[in-house]
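Novice:
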Amino acid sequence: MPSLVATDASMLFAKNLLNYLTPLVDKETGALALDLEDEIIAASLVTQNGAIIHPQIKSAA
1 MPSLVATDAS MLFAKNLLNY LTPLVDKETG ALALDLEDEI IAASLVTQNG AIIHPQIKSA
61 A
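Right under this line is the structure:
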């Protein structure tokens, strides 16, 4: 059973990564499409166009 932990963890990480990245990509063009109204995308975006936009990072800088 312990030998399956690494496999299960890798599969879970891959699924989480896919679920995070899927909304970032336009389905028709395949281009990066940042929806800043999406709370997960907005909370994980640190910079945009060379400027720090994440509120916690901005206040620490």
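Here the numbering used here is used: the sequence shown runs in plain steps of one and ends on residue 61.
For every residue, glycine included, the Cβ atom is placed at its ideal position computed from N, Cα and C.
Quick caveat: nothing in here was measured; it's all calculated off a predicted structure.
1) With DSSP as the reference, label Val25 as helix, strand or coil.
2) Please report how far the alpha carbon of Pro2 lies from the alpha carbon of Asn19, in whole angstroms.
3) Using only the alpha-carbon positions, how far apart do Gln48 and Leu12 sit?
4) From what residue to what residue does the alpha helix (DSSP H) around Ala61 run?
5) If we call anything under 9 Å between Cβ atoms a contact, is Leu34 one with Leu45?
6) Using CA atoms only, rank isn't needed, just tell me which of Glu37, Leu36 and Thr22 is closest to Gly30.
Specialist: If we stick to the structure as given:
1) Val25: strand per DSSP, three-state reduction.
2) So the two alpha carbons sit approximately 26 Å from each other.
3) When rounded, the distance between both Cα atoms is 29 Å.
4) Where Ala61 is concerned, there is no enclosing alpha helix (DSSP H), given that its DSSP letter is neither H nor E.
5) For Leu34 and Leu45, yes; Cβs fall inside 9 Å.
6) Checked all of Glu37, Leu36 and Thr22; the closest Cα to Gly30 is Thr22.
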